[in-house]
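With the numbering used here as the guide, the letters of the sequence shown map in order to residues 49 to 685.
Note that CB positions come from ideal geometry on N, CA and C, so glycine has one too.
Before any comments, here is the structure.
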Amino acid sequence: MEKLKSFCKKYFAGITAFFVFIIYLTTLAPTVVNIDSGELATVQITLGIAHPTGYPLFTILGYLWQLIPLPFTAIYKANLLAAVFTSSAIWVFVKSTYLMLTNIPVPKVKNLNKKKQKPVQLKSENENIISKSLIILSSSASGLLLAFSKTFWMQSTSVEVYSLHLLLINIVILFLLKAYFDTENNSRNWFYFAVALAFSFANHLTTILILPGIAFLFYSKNKFSANAFKLNLKMVAVFIPVLVLFYLYLPIRASQNPLLNWGDPVNIENFWRHFTGAQYRVWLFASSAAAKKQFAYFVSNLPDEFNASLGMFVILLGIIYSFKKFRMMFYFLLITFAATISYSINYDINDIDSYFLLAYISLIFFASFGFIYMYNLNKKKMRQWAIAAVFFLIPLVQMGFNYKEVNKSGLYIYKDYTKQILNSVPKNSMILSYQWDYWVSSSYYFRLVDNYRRDVTVVDKELLRRSWYYNQLATDYPGILDGMRNDVNGFLNALQPFERGEKFNSNLLEKYYRTVITDLLTTHKGSVFIAPELYDKEIRNGELTLPAGYHLVPYNYLFLLTKNSGYIEAPDLTDSIRFPRKANKYTNVIKQTLINIFTNRALYELNYGFKEKAKRIVLLLKNKFPKVRLDERLTNF
Numbered sequence: 049m050e051k052l053k054s055f056c057k058k059y060f061a062g063i064t065a066f067f068v069f070i071i072y073l074t075t076l077a078p079t080v081v082n083i084d085s086g087e088l089a090t091v092q093i094t095l096g097i098a099h100p101t102g103y104p105l106f107t108i109l110g111y112l113w114q115l116i117p118l119p120f121t122a123i124y125k126a127n128l129l130a131a132v133f134t135s136s137a138i139w140v141f142v143k144s145t146y147l148m149l150t151n152i153p154v155p156k157v158k159n160l161n162k163k164k165q166k167p168v169q170l171k172s173e174n175e176n177i178i179s180k181s182l183i184i185l186s187s188s189a190s191g192l193l194l195a196f197s198k199t200f201w202m203q204s205t206s207v208e209v210y211s212l213h214l215l216l217i218n219i220v221i222l223f224l225l226k227a228y229f230d231t232e233n234n235s236r237n238w239f240y241f242a243v244a245l246a247f248s249f250a251n252h253l254t255t256i257l258i259l260p261g262i263a264f265l266f267y268s269k270n271k272f273s274a275n276a277f278k279l280n281l282k283m284v285a286v287f288i289p290v291l292v293l294f295y296l297y298l299p300i301r302a303s304q305n306p307l308l309n310w311g312d313p314v315n316i317e318n319f320w321r322h323f324t325g326a327q328y329r330v331w332l333f334a335s336s337a338a339a340k341k342q343f344a345y346f347v348s349n350l351p352d353e354f355n356a357s358l359g360m361f362v363i364l365l366g367i368i369y370s371f372k373k374f375r376m377m378f379y380f381l382l383i384t385f386a387a388t389i390s391y392s393i394n395y396d397i398n399d400i401d402s403y404f405l406l407a408y409i410s411l412i413f414f415a416s417f418g419f420i421y422m423y424n425l426n427k428k429k430m431r432q433w434a435i436a437a438v439f440f441l442i443p444l445v446q447m448g449f450n451y452k453e454v455n456k457s458g459l460y461i462y463k464d465y466t467k468q469i470l471n472s473v474p475k476n477s478m479i480l481s482y483q484w485d486y487w488v489s490s491s492y493y494f495r496l497v498d499n500y501r502r503d504v505t506v507v508d509k510e511l512l513r514r515s516w517y518y519n520q521l522a523t524d525y526p527g528i529l530d531g532m533r534n535d536v537n538g539f540l541n542a543l544q545p546f547e548r549g550e551k552f553n554s555n556l557l558e559k560y561y562r563t564v565i566t567d568l569l570t571t572h573k574g575s576v577f578i579a580p581e582l583y584d585k586e587i588r589n590g591e592l593t594l595p596a597g598y599h600l601v602p603y604n605y606l607f608l609l610t611k612n613s614g615y616i617e618a619p620d621l622t623d624s625i626r627f628p629r630k631a632n633k634y635t636n637v638i639k640q641t642l643i644n645i646f647t648n649r650a651l652y653e654l655n656y657g658f659k660e661k662a663k664r665i666v667l668l669l670k671n672k673f674p675k676v677r678l679d680e681r682l683t684n685f
């Protein structure tokens with residue numbers, strides 16, 4: 049029994065992380081999910097270049113991971129790596145928490161010995177209460193509280209850059225604390241920290257959000273002295289070469305024309321635009337209304353992250369206790385939290401949750417103090433097993449609270465939807481769409497990695513606005529730009545001043561953009577299909593016009609672009625898309641898209657007198673979505 053206790057005390061951080069990893073495995077996605085999953089997996093597997101800011105370290109590590117001969121599909125291996133990263137982040141977080149709690153300042157209480165007349169140091173209240181065992185329990189419980197918070201846990205379920213970001217930002221914090229608490233003031237600790245910071249920046253530039261907190265601790269310890277500035281310069285001298293070394297991957301790999309070459313950062317101009325994420329600036333600091341909306345979302349979502357009745361209570365206690373007992377850490381965590389929130393609420397995007405991650409980490413550091421404070425509030429002082437039961441009950445309740453929300457172990461809808469779309473068109477067809485989050489991103493994985501329907505050309509309408517995309521189209525689909533080079537060159541020339549932030553001719557740019565789309569649709573040698581979101585949101589209201597003489601016919605999951613004015617037969621619609629039990633805004637969009645396209649095809653069949661075909665589609669629609677409201681023309685079946 050003593051050996052077991054000794055083992056647990058020695059390896060408590062690893063034990064906590066291993067338990068988390070086992071739980072994470074049960075919620076791991078088996079295949080692609082929504083948003084960037086397909087693209088990021090493809091980038092790792094094919095050693096390509098991801099969307100801005102490029103994420104070179106994420107790409108390289110993912111590629112090396114894929115070389116390990118594990119008995120899984122490539123996409124599952126990519127998802128598994130996310131679970132490895134996030135559970136490892138918990139290991140580092142627990143180590144950091146332990147380091148922080150063991151350095152809580154102990155007030156010195158002096159008493160004079162009457163005989164010797166010398167000051168005698170007495171044990172303070174803190175020394176009696178904050179034992180090593182208590183700190184271990186608090187650190188592990190805090191690690192579990194973070195691990196099973198909703199957004200943090202979500203990063204473990206599928207391939208994403210934020211899983212590695214969580215590991216690296218926690219490593220940065222660990223080395224920062226080691227340097228800060230080093231009583232010998234060894235400058236090597238600051239150099240190790242600088243290397244860790246460079247690695248984190250080589251993965252995700254939102255690492256910048258921790259810089260205010262870093263500056264606070266660095267100058268609190270080293271003061272604004274000549275030696276501090278010299279040390280700072282030496283740290284920068286270590287930081288920059290490491291960062292540059294990783295980002296050299298982008299131009300070097302771009303010069304080799306990989307299949308996925310987002311931004312084509314082959315020269316200084318393209319590299320800088322890609323590295324700085326220039327295309328996203330329109331959403332940064334967009335308006336005060338957007339900031340209010342995002343802040344309201346953060347506040348309303350916070351209870352779901354940590355279980356309002358338990359986790360938030362511990363965090364609140366920790367804020368109070370750290371303010372009383374460890375003011376420096378209180379300020380560091382508060383600065384980090386405030387910097388993260390101030391930046392994130394000014395980013396007007398839908399999938400904002402992951403940008404709050406550093407704020408959540410800061411709150412859980414507060415929670416580690418909260419667990420200590422909980423113990424202090426108990427005057428009778430519980431035994432260790434009772435303390436452990438109370439401490440671990442809170443994150444375990446949170447785990448049960450968030451499990452269904454996070455669980456992606458049975459999520460196949462995005463794989464099914466993507467494959468159904470690709471498989472629904474004839475050989476050598478082209479599909480024009482901008483449903484990136486739902487299937488276009490996933491199509492990269494299936495086409496380029498699994499070689500599924502490699503003959504199908506998938507064109508993202510919105511990416512046609514970017515100069516680099518034409519090089520990628522020419523690489524992925526040789527000959528696609530034949531016969532339209534003059535219009536493409538005209539568009540690229542008109543686009544150049546826009547991308548450089550210079551004065552540009554908006555009318556000329558829009559004219560060429562529409563011409564390029566028309567050329568793509570009319571010069572393709574195979575069948576051409578338009579995705580339903582384009583029909584519903586742009587073509588019906590006249591925002592996008594079809595080439596002269598063409599019209600659309602509902603055809604399976606898409607619309608066929610054709611000049612044929614007669615009836616066009618299509619393969620029978622099938623019901624093979626597996627919807628999850630719990631719906632969300634993404635699955636609801638797919639659901640409504642299917643309802644619309646099924647309805648359109650049924651009406652098409654009915655208009656041409658094929659009542660039986662229309663009836664089969666209606667029955668399929670009712671079976672798939674029992675509560676669907678049918679067009680009144682289809683209610684008689």
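Burial is judged here by how many other beta carbons sit within 10 angstroms of a residue's own beta carbon; W484 has at least 16 and is buried. Just measuring C-alpha positions, the residue of E558, L556, A596, L557 sitting nearest T570 is A596. Secondary structure of Y59 (DSSP, three-state): coil.
Taking 4 residues as the minimum length, the alpha helix (DSSP H) runs contained wholly in the segment 447-510 are 461-471, 489-492, in order along the chain. L105 and Y111 have their C-alpha atoms spaced approximately 10 Å apart. Within the same chain, and ignoring the five residues on either side of T255 in sequence, the residues whose Cβ sits closer than 8 Å to its Cβ are H213, L216, I217, V220, L245, S248, F249. Between A339 and F200, the alpha-carbon positions lie close to 22 Å from each other. In the three-state reduction of the DSSP assignment, N309 falls in the strand class. Of the candidates I389, W331, L182, I389 places its Cα closest to the Cα of V347. Membership of P602 in the beta strand (DSSP E) is indicated by the continuous run 599-603.
G96 sits close to N309, with the two beta carbons spaced by under 8 Å. The shortest C-alpha to C-alpha distance from R533 to any of P545, F546, D524, N519 is the one to N519. With a cut-off of 8 Å on Cβ pairs, the segment 494-505 is not in contact with the segment 542-549, counting fewer than three such pairs.
Taking a contact to require three or more Cβ pairs closer than 8 Å, the segment 417-425 and the segment 365-381 qualify as touching. Here E617 is exposed, its C-beta having fewer than 16 other C-beta atoms within 10 Å. Rounded to the nearest whole angstrom, the CA to CA distance from A334 to D399 is 16 Å.
In terms of Cβ geometry, F378 and T145 do not form a close pair [threshold 8 Å]. Within the segment 349-425, the runs of alpha helix (DSSP H) that reach at least 4 residues and sit entirely inside it are, in chain order, 360-373, 375-392, 405-425.
Minimum Cα-Cα distance from V132 among the listed residues N234, A285, L73, P306 corresponds to L73. Apart from the 5 residues on each side of it in sequence, N237 sits with its Cβ closer than 8 Å to the Cβ of F223, K226, A227, D230 in its chain, given in chain order. A residue is called buried when at least 16 other Cβ atoms come within 10 angstroms of its Cβ; K467 meets this threshold and is buried. Rounded to the nearest whole angstrom, the CA to CA distance from L147 to S187 is 9 Å.
Within the DSSP secondary-structure output, F577 pairs in a beta bridge with I479, L608.
Per DSSP, the unbroken alpha helix (DSSP H) holding W238 starts and ends at 235-249.
Under the three-state reduction of DSSP output, L592 falls in the coil class, being neither helix nor strand. Note that the C-beta distance between A65 and S135 is below 8 Å. Here I83 carries a coil assignment [DSSP, helix/strand/coil]. By the criterion of a C-beta distance shorter than 6 Å, V91 is surrounded in its chain by A98, T107, L308, once the five residues flanking it on both sides are discounted. As computed with DSSP, L332 is found in a beta bridge with Y395.
The shortest CA-to-CA distance from K661 to any of P619, N636, N632 is the one to P619. In the three-state reduction of the DSSP assignment, I528 falls in the coil class. Counting only residues of its own chain and dropping the five nearest sequence neighbours on each side, V314 has a CB closer than 6 Å to the CB of P299, A302, S303. Collapsing the DSSP output to three states places I221 in a helix.
Here N251 has Y103, L105, F106, V209, L212, H213, L216 as same chain residues with Cβ atoms under 7 Å from its own Cβ, once five neighbours each way along the sequence are excluded.
The three-state reading of DSSP puts I625 in coil, since its state is none of H, G, I, E or B. According to the DSSP secondary-structure assignment, I316 is paired through a beta bridge with no residue.
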